[in-house]
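Residue numbers (our numbering): 58 to 630. See structure below.
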DNA sequence: GCCGTTTTCGGCCCGACTGTTTTCAGTCG
């Protein structure tokens, strides 16, 4: 059972308990436990194998949840969840996803109207039954109908790229207003989380009405959902919702800190404030009623005896302890990247030639690239067999003579076949400069076979890197069942790199596994997997992911000069 | 349900906005 399955199990217990009206702190305890498991780099089953005591040492896991983890791993479920599922049908949990419906209202709908699915809820709202319930009204019924439509048509979360692009455009327009003195993106988009549920914008302004009017009439905005004096919520045409908050100048830093989150990070920061006899909210840090800090984020952190913490790290995954000890990493930056080792050309499924890709890479300041078209197994991309690959490499060797200021490596993205063999023979691979081995097919194979394939690739003397290791698509397709500690140990032993694929739909390794790979001392490469000349522009998303993993420049191989990079290759001689 | 250098019991972050209410509960972030 994967960590994500175990985490989801306890998340569901939390949801169901909440609908039943359980103590909210008990509900939160299950969610905290769930999150701890979700964030683990190691399989929870390995920890459980050491005994219940090892589980209890995890934050947010006590005796009770530890015992349930053991039962869950042994039997595939827990009596508690089975019992809860009997009491609360699955459609009722679905109702929690509707904006404006929380546990109390959902419970009332379920108990009073016996509504157990979104369809039944829709019918009840349309018939007027919902509006007649105590605590409900016509507007609530309409909100529910809008909410159902939204849940049905849009997925709930957006790729970081889908979130940041409109947010940056709107931010730019806000800053053009004379009345707006400062403005920034906050929330999960500022933390560069791989997906965002919504967007947060923050501004200081002498005229908050003007800022809100601009947003209400913005071409990217579809509808104003709520509006007060300091807070406005809108839905963009893309479906994503955005909050704008206008705060006083002296509170800007506190509001940035507050609305950047994460919730888990902020809870700990506020607890630190409490311990120091201070009160922290979005307006500042207060001693009794006196404002003692709030204009900048640095001030806020200083008031709780911490240095400023980069937003990407604010997840309460150890960054507060690091900050306390002065051990925060100096995070990688986009400008540190000097090479890109994964891209395609018209030889397979790319849209640009070798020369065009090299020129585009040079324009972006890259000093070295590897052309890595597909191997033959990927028939739909016109993958290369040995003959075509050798000709392709000959072509690359010819073209690279034309470029004095950028190195072009003869590479290949070689499939690791379902039977664990590589898609091209060793004698062919040995002629290249850079071999990335990847899983494309058979991602649903049992973990044992997946590991056999990956380990076989790692042991091959010509494989330089494992590309997009899990094969996941963010929010859409789960990755292969990988036992990461074994993979990383083998990669470290054989000097094989791990890729962070920078495409916003992949971001694979994810942040947690990238941090674990760093701990194993494995060199990491961040690659765009560009299929066109504009494909290079996704590099920043890979860098964001690396920053969330706490990676520094030294942890990432393609920050090196070409000379240094080449020395790291096992095939270099 | 979890947690502990004020605590093994009694806490557990905090304010804005909405809609349904006649003073506030529910929801959200």
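Positions of the beta carbon are idealized from the N, C-alpha and C atoms, including for glycine.
Check whether residue i and residue j have beta carbons under 7 Å apart
{"i": "residue 426", "j": "residue 462", "result": "no"}
{"i": "residue 645", "j": "residue 313", "result": "Residue 645 lies beyond the stretch modelled for the chain, which goes from 58 to 630, so this question has no answer here."}
{"i": "residue 311", "j": "residue 340", "result": "yes"}
{"i": "residue 408", "j": "residue 562", "result": "no"}
{"i": "residue 610", "j": "residue 616", "result": "yes"}
{"i": "residue 368", "j": "residue 247", "result": "yes"}
{"i": "residue 465", "j": "residue 415", "result": "yes"}
{"i": "residue 509", "j": "residue 549", "result": "no"}
{"i": "residue 278", "j": "residue 256", "result": "no"}
{"i": "residue 374", "j": "residue 319", "result": "no"}
{"i": "residue 495", "j": "residue 468", "result": "no"}
{"i": "residue 514", "j": "residue 527", "result": "no"}
{"i": "residue 500", "j": "residue 544", "result": "no"}
{"i": "residue 555", "j": "residue 530", "result": "no"}
{"i": "residue 434", "j": "residue 440", "result": "yes"}
{"i": "residue 303", "j": "residue 260", "result": "yes"}
{"i": "residue 112", "j": "residue 102", "result": "no"}
Residue burial classification, residue i (beta-carbon count within 10 angstroms, cutoff 16)
{"i": "residue 430", "result": "buried"}
{"i": "residue 451", "result": "exposed"}
{"i": "residue 276", "result": "exposed"}
{"i": "residue 82", "result": "exposed"}
{"i": "residue 298", "result": "buried"}
{"i": "residue 402", "result": "buried"}
{"i": "residue 110", "result": "exposed"}
{"i": "residue 116", "result": "exposed"}
{"i": "residue 602", "result": "buried"}
{"i": "residue 454", "result": "exposed"}
{"i": "residue 522", "result": "buried"}
{"i": "residue 573", "result": "buried"}
{"i": "residue 597", "result": "buried"}
{"i": "residue 570", "result": "buried"}
{"i": "residue 125", "result": "buried"}
{"i": "residue 584", "result": "buried"}
{"i": "residue 432", "result": "buried"}
{"i": "residue 614", "result": "buried"}
{"i": "residue 519", "result": "buried"}
{"i": "residue 498", "result": "exposed"}
{"i": "residue 568", "result": "buried"}
Unbroken alpha helix (DSSP H) run spanning residue i, endpoints
{"i": "residue 621", "result": "619-625"}
{"i": "residue 186", "result": "186-189"}
{"i": "residue 284", "result": "Not the alpha helix (DSSP H): residue 284 falls in the beta strand (DSSP E), residues 278-284."}
{"i": "residue 515", "result": "504-516"}
{"i": "residue 493", "result": "Element bounds for residue 493: not the alpha helix (DSSP H) but the beta strand (DSSP E), 491-495."}
Residue i versus residue j: straight-line alpha-carbon distance, rounded
{"i": "residue 262", "j": "residue 344", "result": "26 Å"}
{"i": "residue 145", "j": "residue 167", "result": "9 Å"}
{"i": "residue 89", "j": "residue 64", "result": "10 Å"}
{"i": "residue 428", "j": "residue 438", "result": "15 Å"}
{"i": "residue 250", "j": "residue 605", "result": "8 Å"}
{"i": "residue 148", "j": "residue 134", "result": "20 Å"}
{"i": "residue 181", "j": "residue 155", "result": "15 Å"}
{"i": "residue 137", "j": "residue 93", "result": "20 Å"}
{"i": "residue 566", "j": "residue 61", "result": "15 Å"}
{"i": "residue 163", "j": "residue 187", "result": "11 Å"}
{"i": "residue 419", "j": "residue 230", "result": "32 Å"}
{"i": "residue 307", "j": "residue 226", "result": "26 Å"}
{"i": "residue 205", "j": "residue 86", "result": "29 Å"}
{"i": "residue 608", "j": "residue 350", "result": "30 Å"}
{"i": "residue 630", "j": "residue 623", "result": "The predicted position of residue 630 is uncertain, since its pLDDT is 42 and thus under 50; a value taken from the coordinates is nonetheless stated next. When rounded, the distance between both Cα atoms is 10 Å."}
{"i": "residue 153", "j": "residue 170", "result": "16 Å"}
{"i": "residue 456", "j": "residue 581", "result": "28 Å"}
{"i": "residue 219", "j": "residue 201", "result": "26 Å"}
{"i": "residue 76", "j": "residue 66", "result": "16 Å"}
{"i": "residue 637", "j": "residue 539", "result": "Outside the shown range of the chain, which is 58 to 630, sits residue 637, and nothing can be said about it."}
{"i": "residue 95", "j": "residue 267", "result": "42 Å"}
{"i": "residue 493", "j": "residue 58", "result": "29 Å"}
{"i": "residue 487", "j": "residue 404", "result": "20 Å"}
Where the beta strand (DSSP E) through residue i begins and ends
{"i": "residue 431", "result": "425-431"}
{"i": "residue 289", "result": "288-293"}
{"i": "residue 581", "result": "581-584"}
{"i": "residue 85", "result": "Not the beta strand (DSSP E): residue 85 falls in the alpha helix (DSSP H), residues 81-95."}
{"i": "residue 555", "result": "554-558"}
* Asked: Counting only runs that start and end within the stretch 230-264, where is the beta strand (DSSP E) found for 3 or more residues in a row?
  -> Runs found: 237-243, 255-262.
* Asked: What are the uninterrupted segments assigned as beta strand (DSSP E) that are 3 or more residues long and contained completely in the stretch 432-481, given in chain order?
  -> The qualifying runs are 464-472.
* **Runs of alpha helix (DSSP H) wholly within the stretch 287-367 (minimum 4 residues, chain order)** => Fully enclosed alpha helix (DSSP H) runs of no fewer than 4 residues occupy 309-317, 320-332, 354-360 of the stretch 287-367, in order along the chain.
* Asked: Of all the alpha helix (DSSP H) runs that stay within the bounds of the stretch 144-201, which reach a length of 4 or more residues?
  -> Taken in chain order, the unbroken stretches of alpha helix (DSSP H) that lie wholly in the stretch 144-201 and span 4 residues or more are 147-151, 160-170, 175-184, 186-189.
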